[in-house]
């Protein structure tokens, strides 16, 4: 009977040992599930943030493309205006040269038709 008791005691200890091992493994599984849930929540948050950043980058690329087109248009306009200004200055200089040449070659004479005034010398003589 003692042999059986020893054997039962050994089996009981083995059962307790396996029960503790099971509890430890279950605790590790629960911890792993919680960690997996935490990582899933973090991953979803990161994925949402990544999508938001991608949308922002796409919008910025479109805005940059629009601005590049506007800059190209404005540079073309600037070149046209510079060319127009050059021709306007050139025409102005040519017109000024022509006017100065014409003015230098022309004689200006001023004739005034005024009514005959009183002879101041005669009036002074009368007064004396």
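Residue numbers (the UniProt record's numbering): 1 to 128. In this text, a Cβ means the ideal position worked out from N, Cα and C, and glycines have one as well.
Let me check understanding here. Comparing Cα to Cα, which of the options lies closest to residue i?
i           : options   : result
residue 106 : 36, 98, 1 : 98
Check whether chain B comes within 9 Å of residue i, counting only Cβ atoms and requiring the distance to be less than that.
i          : result
residue 41 : Of the chains in the structure shown, none is chain B; there is only one protein chain.
In the UniProt domain "IF rod" (1-128), which residue ranges form an unbroken beta strand (DSSP E) of at least 3 residues, counting only runs that do not cross its ends?
Taken in chain order, no unbroken stretch of beta strand (DSSP E) lies wholly in the UniProt domain "IF rod" (1-128) with a span of 3 residues or more.
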